[in-house]
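Counting with UniProt numbering, you get residues 1 to 540 for the letters of the sequence shown.
What follows is a short report on a single structure.
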Amino acid sequence: MTKIISFSSDVTSIPFPTKFTYPYNYTPHLLAEIASKELQEYLIYQTDFSHDFGIDNSNNKDALGKMFGVLVVQNVNGDLGYLAAFSGKLAESTQHKHFVPPVFDVLDKNEFYLTTEERLNQLNSKITFIENAAEFGKAKKAYQKTQRLHSNQLTEEQTKIKQRRKLRKQLGLQNNQLNINEEFYLREYEVYLNDKIAPLKKAFDTFQQELKKLKKQRKELSAWAQQEIFKHYAFLNSKGKVQNLLAIFNDSGQNIPAGAGDCCAPKLLQYAFKHQLHPICMAEFWWGKPLQTSIRKHQNFYPACTGKCKPILTHMLQGLSVDDNPLETQLTSEKEITFLYEDADILVINKPHDLLSVEGKEIKDSVYSRIQKLYPNATGPLVIHRLDMSTSGILLIAKNEETYKAIQSQFIEKTIQKRYVALLDGILTDDNGQINLPLRVDLEDRPKQLVCYTHGKKALTKWETIEVIENKTKVYFYPITGRTHQLRVHAAHHLGLNTSIVGDDLYGKKADRLYLHAEKITFVHPTTKKQVSFTAPAPF
Numbered sequence: 001m002t003k004i005i006s007f008s009s010d011v012t013s014i015p016f017p018t019k020f021t022y023p024y025n026y027t028p029h030l031l032a033e034i035a036s037k038e039l040q041e042y043l044i045y046q047t048d049f050s051h052d053f054g055i056d057n058s059n060n061k062d063a064l065g066k067m068f069g070v071l072v073v074q075n076v077n078g079d080l081g082y083l084a085a086f087s088g089k090l091a092e093s094t095q096h097k098h099f100v101p102p103v104f105d106v107l108d109k110n111e112f113y114l115t116t117e118e119r120l121n122q123l124n125s126k127i128t129f130i131e132n133a134a135e136f137g138k139a140k141k142a143y144q145k146t147q148r149l150h151s152n153q154l155t156e157e158q159t160k161i162k163q164r165r166k167l168r169k170q171l172g173l174q175n176n177q178l179n180i181n182e183e184f185y186l187r188e189y190e191v192y193l194n195d196k197i198a199p200l201k202k203a204f205d206t207f208q209q210e211l212k213k214l215k216k217q218r219k220e221l222s223a224w225a226q227q228e229i230f231k232h233y234a235f236l237n238s239k240g241k242v243q244n245l246l247a248i249f250n251d252s253g254q255n256i257p258a259g260a261g262d263c264c265a266p267k268l269l270q271y272a273f274k275h276q277l278h279p280i281c282m283a284e285f286w287w288g289k290p291l292q293t294s295i296r297k298h299q300n301f302y303p304a305c306t307g308k309c310k311p312i313l314t315h316m317l318q319g320l321s322v323d324d325n326p327l328e329t330q331l332t333s334e335k336e337i338t339f340l341y342e343d344a345d346i347l348v349i350n351k352p353h354d355l356l357s358v359e360g361k362e363i364k365d366s367v368y369s370r371i372q373k374l375y376p377n378a379t380g381p382l383v384i385h386r387l388d389m390s391t392s393g394i395l396l397i398a399k400n401e402e403t404y405k406a407i408q409s410q411f412i413e414k415t416i417q418k419r420y421v422a423l424l425d426g427i428l429t430d431d432n433g434q435i436n437l438p439l440r441v442d443l444e445d446r447p448k449q450l451v452c453y454t455h456g457k458k459a460l461t462k463w464e465t466i467e468v469i470e471n472k473t474k475v476y477f478y479p480i481t482g483r484t485h486q487l488r489v490h491a492a493h494h495l496g497l498n499t500s501i502v503g504d505d506l507y508g509k510k511a512d513r514l515y516l517h518a519e520k521i522t523f524v525h526p527t528t529k530k531q532v533s534f535t536a537p538a539p540f
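This is the structure we're talking about:
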């Protein structure tokens, strides 16, 4: 059965994109937008499966949102249509008639995984049976109790001998033969205790050896199954070349993340290449309740993840003409730095949006590189703190290492006061408040951050409303801590303000810029020891 879905909308007049979608940073092409809307209509009214996305009741703990994707394709006859996919499983199944199949279906009854899983379950059952057996518990308790008793008895004898030797030494009655006899006695006593405990140890070891054997079998079988799965996830590209997960991630130098290959983009491209369909453009969107960790909003478009998907897509997109990274295009335009203040020790500048604070791996133009050229004799790290590339506003520059350390210590001690202005994509119910959501990097989708109460670092933000303009809210942000993307995540996350900053291409929706500006900073000047403040009004 073909998985190509015909457009129900009239798309004949819409021109094709000149290149395929750059999957990690994109604005959906109109064809992909229309395909996404049609897929969303299907999700609203379909009766093919039952899955609670949490749209009507997001408080249901069992509800689960899901990422969906569309790939607009053209067949060999020039007919246009689109493919649909979901990430992972849907309604506890990997296959549904409206969607392309997985690259490798671990739930296929004809494949090795289910039989291997059954063998693993049998081994687990045997291990659990032994560990819970009354005989094993009795043997373990008897052995460990007797072992402690004998250890105490041996220690007691050793202590007595030490005390006798100490007393003989104090009385000047050194006796080497007596010392030798005591050493011999201790060895004999230890042998006696070991012989006494030997039957108990043997009974306990019999169980232990059986458990060790079963656990070794389980470990080896599990490792084999994992490697086989990696081999069976074999991905095509437009040139017809096939690479599996082992080869792909070996080339990337990364460990293979859980769920690699089960995201929408690899599924869609795999089906297209396998059936001689030409990819035109693609898009992925979230459907349902948000996640507790990373930011996912209902119906918002999202790029492919960098951790699981990028190595795979690097292979799969070979042979296709792909759009350039729009970020690199943005950064090629010269942005002017405005100088607000300068003395012998510091510079205070107003950084434009879309300029890096320090140079990246591929992009060298940055505040640091420009200041370095302007002040070749300056010493020290220069840039004392950083702003996101997309954020505009005040940055402090140190002309020497002493100044850098002095101001850096104020950041560490949180005595520096900062005020940001942001325009939020919605209306807030409160006028002010505080957000306390711990953050850490999303290891599978760098540089994004996610909320994590287990491994996250404390992140605290105070905020207050300035005004509401055309269903958008302008606010002041006062970051107490300075975590990466703190204000962006605290604004967008449903446990924060649940309203992303306008133009936030990582956690919200693209616009002409990120509407976040570092407007004011107050600190103690390291030379004069006086408190100083600088302001650069927001350009929006």
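Backbone N, C-alpha and C fix where the C-beta goes; we use that ideal spot for every residue, glycine too.
Practice prompt. Indicate whether VAL100 and LYS241 have their beta-carbon atoms separated by less than 7 Å.
Written response: no
Discussion item. Let's test the definition: count the other Cβ atoms within 10 Å of the Cβ of ALA198 and tell me whether it reaches 16, buried, or not, exposed.
Written reply: exposed
Item to complete: Could I get the ranges of all uninterrupted alpha helix (DSSP H) runs contained in the stretch 133-196, with 4 residues as the minimum, in chain order?
Response: 134-171
Practice prompt. Would you identify the three-state DSSP class for CYS264, choosing helix, strand or coil?
Written response: helix
Worksheet item: So LEU246 is in the alpha helix (DSSP H); what residue range does that whole segment cover?
Response: 245-252
Fill in: Through-space distance from LYS289 to SER58, alpha-carbon basis
6 Å
Practice prompt. Return the chain-ordered list of same chain residues with a C-beta closer than 7 Å to the C-beta of LYS297, the five sequence neighbours on each side being excluded.
Written response: TRP286 and PRO290
Worksheet item: So which of ALA142, TYR404 and GLU444 has the shortest CA-CA distance to ALA260?
Response: GLU444
Practice prompt. Please report the Cβ distance between LEU439 and LYS457, rounded to the nearest whole angstrom; I am assuming they are in contact, meaning their Cβ atoms lie under 8 Å.
Written response: 6 Å
Worksheet entry | Backbone CA spacing between GLU220 and LEU64 [nearest angstrom] | 33 Å
Worksheet item: Nearest to LEU214 by CA position, among ASP205, ILE127 and ASP365, is which residue?
Response: ILE127
Discussion item. What does the alpha-carbon distance come out to for the pair TYR420 and LYS351?
Written reply: 13 Å
Practice prompt. Pair every Cβ in the stretch 183-197 with every Cβ in the stretch 74-82, then say whether three or more of these pairs are closer than 8 Å.
Written response: no
Worksheet item: How close, in whole Å, do the beta carbons of LEU123 and GLN217 come, if the pair is a contact with beta carbons under 8 Å?
Response: 6 Å
Worksheet item: In whole angstroms, what is the alpha-carbon distance linking TYR42 and LYS472?
Response: 31 Å
Worksheet item: Per DSSP, GLY393 forms a beta bridge with which residues?
Response: LYS351 and ALA518
Discussion item. Rounding to the nearest angstrom, what Cα-Cα distance links residue 558 and PRO266 in this structure?
Written reply: What is shown of the chain runs 1 to 540, which leaves residue 558 out entirely.
Worksheet entry | For HIS278, the three-state DSSP class (helix, strand or coil) | strand
Discussion item. What does the Cβ neighbour count give for THR329, buried or exposed, with the cut at 16 atoms within 10 Å?
Written reply: exposed
Practice prompt. Just mark TYR26 as buried or exposed, buried being the case when its beta carbon has 16 or more other beta carbons within 10 Å.
Written response: buried
Discussion item. If I follow the unbroken alpha helix (DSSP H) through VAL367, where does it start and stop?
Written reply: 367-374
Discussion item. So ALA422 and PRO28 are supposed to be a Cβ contact under 8 Å. How far apart are they, rounded?
Written reply: 25 Å between Cβ atoms; not a contact.
Practice prompt. Classify ILE4 as helix, strand or coil using the three-state DSSP reduction.
Written response: coil
Worksheet entry | Assigned exposure category for ASP425 - 16 Cβ within 10 Å defines buried | buried
Item to complete: Please classify GLN209: does DSSP put it in a helix, a strand, or coil?
Response: helix
Worksheet entry | Helix, strand or coil at GLU118 according to DSSP, with G and I counted as helix | helix
Worksheet item: Which residues mark the beginning and the end of the beta strand (DSSP E) in which LEU497 is found?
Response: Counting along the chain, LEU497 falls outside any beta strand (DSSP E), and DSSP gives it neither H nor E.
Worksheet item: Whole-angstrom Cβ separation of ARG488 and LEU506, contact assumed at under 8 Å?
Response: 7 Å
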